[in-house]
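Okay, structure first, notes after.
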Amino acid sequence: MLRLQSSPSPLYAEGWTNLLRFYPGDLGSTIAGILTYGIQVGYRGKKQSRYSSNEPGIITAKLAEDLYLGRVRLASRPSFVSPLGLVPKHDGGWRRIHDLSWPPGQGLNQGIPDSWSAIEYTTIDNIYEQVIQAGPGCVIIKRDIKDAFRIVPVAEDNQHLLAFQWNDSIYVECCLPFGLATAPFLFNLFAEALHWILQCLLPAFYINHYLDDFIAIARSPSASDPTGPFDKVYNRVTDYLCIPRNTKKDQQGTCVTVLGIQIDSIAMEARLPPEKLCRATLDAAAALNVASLSLKQTERLTGLLAFCSRVVRLGRTRLQSLYTFQATFPHRISARRRIPYEVRDDLEWWRNSLSLFNGVLLIDPCRRSITHLYTDASNTGQGLFFFSSKSTLDCWLAHCHQLHPSNAATLALAQDAHAHINTNEVDAILQGFLLFSHHWLHHTLVIHTDSSTAHTGLKKGFLHGPPNAPLKSLLILAAARDIHIVPHWLPSGENKLADALSRNNLEDIANICPHWQDLSVLNRPRGSLHELLSSIQAT
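Residues in the sequence shown are numbered consecutively from 89, following the numbering used here.
Encoded structure:
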């Protein structure tokens, strides 16, 4: 393997080797080899040539900057030429990318085994768990590496694979380009190494990274700001390793945007930042203003709302119609499809209700109170009861002597009601929410049902047909009151009390709970769901 004659990377190889000498593995020698000889991109396909252009003025300016920094060089005889492109950056600028997947099915990326580009990123849920462990008021620090992929050198015998043509000249990439399938995995070797170094030197912090973003969380709140001690170590390490810092993206405090989600450790809440909230609302409104959408438009809208749904209560439930709509498009046909009613209904929810449901509380599941709700439906009525417990695995039989009649209900169906039993089963759960959910604020609610339809709906968040209407309503109430639902199916024979309540079978009820007296058939709750939600919001 040839040693790099002139490395375009600013990274200090000896420094990396020194700080990684106690790393439990060969990552130190791997990084030293990359900085000495350059990195292999992993291509195993055939040699081809091709060319295309895009926004010539911007690309010419970007190319001049890369030439000056040594990230590309002129080449005389490339064997593989791929087109250039531009993608917008969040700050309003442009990033030059090398389209190594063009043409479809024949690009350089298709010659790289999928397993060589596989990478497992940290998740926002990992960050939530650490904030919960650190506690209210913990300080979150976010730092960013500048230029990311462009500080990792490519081996000279691989540079010919990364060629492009511009203004009658041929160039090759000398650093990892944006657009290479293995670039995230290869850069992540350096990010993992820096992560390990920082964690060793900063034990008072949780350390996380997502490619070039580094997130630190002080393990426990303190009277003094931990940002200074963190930066003292972080700056010394990055200076020593010659890692460029992107200080424009620095954030620290108790309310910081991490991986596109705003985390507030004072309120202990994760929510959409204002700009994403505005974008999602406007995009949903724009879709409602047209009669039809293309597949590309649908995919983009669904992708944005799917991201939002991670911190928008009920968001996942309000996405199912979009997923179903997206699946109806034929592949590789630029046809538009009329937006069906159910999609419009969900888009109206995203447009009108997003701000109401924006944000999820970061609560340790172990600290939530646990409540069990049992429901059943018959041809004549609905029955339900609930009780508090210390375990999600509890059974009503162990509590039947302590069950209180005020925590139970038997509801008569209207004489003209002709709903299917599956709809009545789901509606029985909704009636429980309408009657008693004010008792379950921030609770974990284990819902026991002998209906496979209700159980499936609670697990998936949606159902096809009429049962979906009461399901949506109860999920709205659960979201509004931050009730974490745990669905549990049980055989009908184990649901005897709820069954007796649904039939108003006083003899069976008395045999099971002899201490219950004067249990009367209740009227179904009055008032609309909208009125109830308005009262919740007011409080």
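No residue lacks a Cβ here, since even glycine has one placed at the ideal position from N, Cα and C. Note that the coordinates shown come from a computational prediction; the quantities given were computed from them, not determined experimentally.
Determine the direct distance from the alpha carbon of ALA566 to that of LEU523, and round the result to whole angstroms. Taken atom to atom, the span from the alpha-carbon of LEU523 to that of ALA566 is near 13 Å.
Cβ atoms of PHE278 and PHE237: under 7 Å apart, would you say? Against a cut-off of 7 Å, the Cβ pair of PHE278 and PHE237 comes out as no contact.
Neighbour-count burial assignment, HIS489, 16 or more Cβ in a 10 Å radius: So HIS489 counts as exposed.
Among all the DSSP beta bridges, which residues are the ones paired with GLY182? According to the sequence as given, residue 182 is Trp; it is not Gly. Looking at the DSSP output, TRP182 bridges to PRO176.
Using only alpha-carbon positions, find the residue among GLY116, GLU430, ILE285, ASN106 that is nearest to LYS560. Comparing Cα positions, the closest option is GLU430.
Buried or exposed: which applies to ALA374, given that a residue is buried once 16 or more other Cβ atoms fall within 10 Å of its Cβ? It counts as exposed.
Whole runs of the beta strand (DSSP E) within the region 537-589, excluding any shorter than 3 residues: Taken in chain order, the complete beta strand (DSSP E) segments of 3 or more residues contained in the region 537-589 are 572-577.
From SER308, HIS527, GLY173, MET89, pick the residue whose C-alpha is nearest to that of SER457; which is it? Checking every option, the nearest Cα to that of SER457 belongs to HIS527.
Please report the residue range of the alpha helix (DSSP H) in which GLN385 lies. From DSSP, the alpha helix (DSSP H) with GLN385 extends over 383-396.
Give me, in chain order, the residues of the same chain whose beta-carbon lies closer than 7 Å to that of ASP482; leave out the 5 immediate sequence neighbours on both sides. Answer for ASP482: HIS460, listed in chain order.
In angstroms with no decimal places, state the Cα-to-Cα distance between LYS384 and TRP437. In this structure, the CA atom of LYS384 is about 22 Å from the CA atom of TRP437.
If LEU329 and TYR100 are in contact, beta carbons under 8 Å, what's the gap, nearest whole angstrom? Yes, LEU329 and TYR100 are in contact; Cβ-Cβ is about 6 Å, under 8 Å.
How many whole angstroms separate the CB atoms of LEU151 and TRP254, which I take to be in contact at a CB cut-off of 8 Å? With a Cβ gap of about 6 Å, LEU151 and TRP254 count as contacting.
Three-way DSSP call (helix, strand, coil) for ILE427 in this model: Note: ILE427 maps to coil in three-state DSSP.
By a C-beta neighbour count over all protein chains shown, 10 Å radius and 16 as the cutoff for buried, is ILE146 buried or exposed? It counts as exposed.
Using C-beta distances below 7 Å, list every residue in its chain close to ASP235, excluding the 5 sequence neighbours before and after it, in chain order. The residues are PRO332.
Going by DSSP, what residue range makes up the alpha helix (DSSP H) through GLY121? First-last of the alpha helix (DSSP H) with GLY121: 115-125.
Who pairs with TYR298 in a beta bridge, going by DSSP? Within the DSSP secondary-structure output, TYR298 pairs in a beta bridge with ASP301.
Can you give the beta carbon distance from PHE273 to SER205, rounded, assuming they're within the 8 Å contact cut? Beta-carbon to beta-carbon, PHE273 and SER205 are separated by about 5 Å, close enough to satisfy the 8 Å threshold.
Once you ignore the five residues that flank GLY549 on each side, which residues in its own chain have a CB closer than 6 Å to its CB? Cβ within range, chain order: ARG404, THR405.
Decide if the region 216-227 is in contact with the region 288-305; the criterion is three or more beta carbon pairs, one per stretch, under 8 Å apart. Result yes; three or more Cβ-Cβ pairs closer than 8 Å.
Got a sec, what are the start and stop residues for the beta strand (DSSP E) ILE254 sits in? Reading off the sequence, residue 254 comes out as Trp, not Ile. Judged by DSSP secondary structure, TRP254 falls within the beta strand (DSSP E) whose first and last residues are 251-254.
Should the region 192-204 be called in touch with the region 301-316, which here means at least 3 C-beta pairs below 8 Å? At 8 Å Cβ cutoff, the stretches do not touch.
Taking the CB atoms as reference points, tell me whether GLY130 and ILE233 lie closer together than 7 Å. Not a contact, by the Cβ cut-off of 7 Å.
Less than 7 Å between C-beta atoms, sequence neighbours within five positions excluded: which residues of the same chain meet that for LEU249? Cβ within range, chain order: VAL129, TYR131, PHE168, LEU196.
Straight-line gap, SER140 to LEU172 (C-alpha atoms, nearest Å): Low per-residue confidence applies at SER140: pLDDT is 44, beneath 50, and the placement is therefore not dependable, though the value from the model is reported in the following sentence. Each residue's alpha carbon lies about 7 Å from the other.
Report buried or exposed for SER137, applying the criterion of at least 16 other Cβ atoms within 10 angstroms of its Cβ. Residue confidence is low: SER137 scores 43 on pLDDT, short of 50, so the model does not pin down where it sits. No coordinate-derived value is stated.
Between the Cα of LEU578 and those of GLN340, TRP484, GLY469, spot the shortest distance and give me the residue it belongs to. Nearest C-alpha to LEU578: TRP484.
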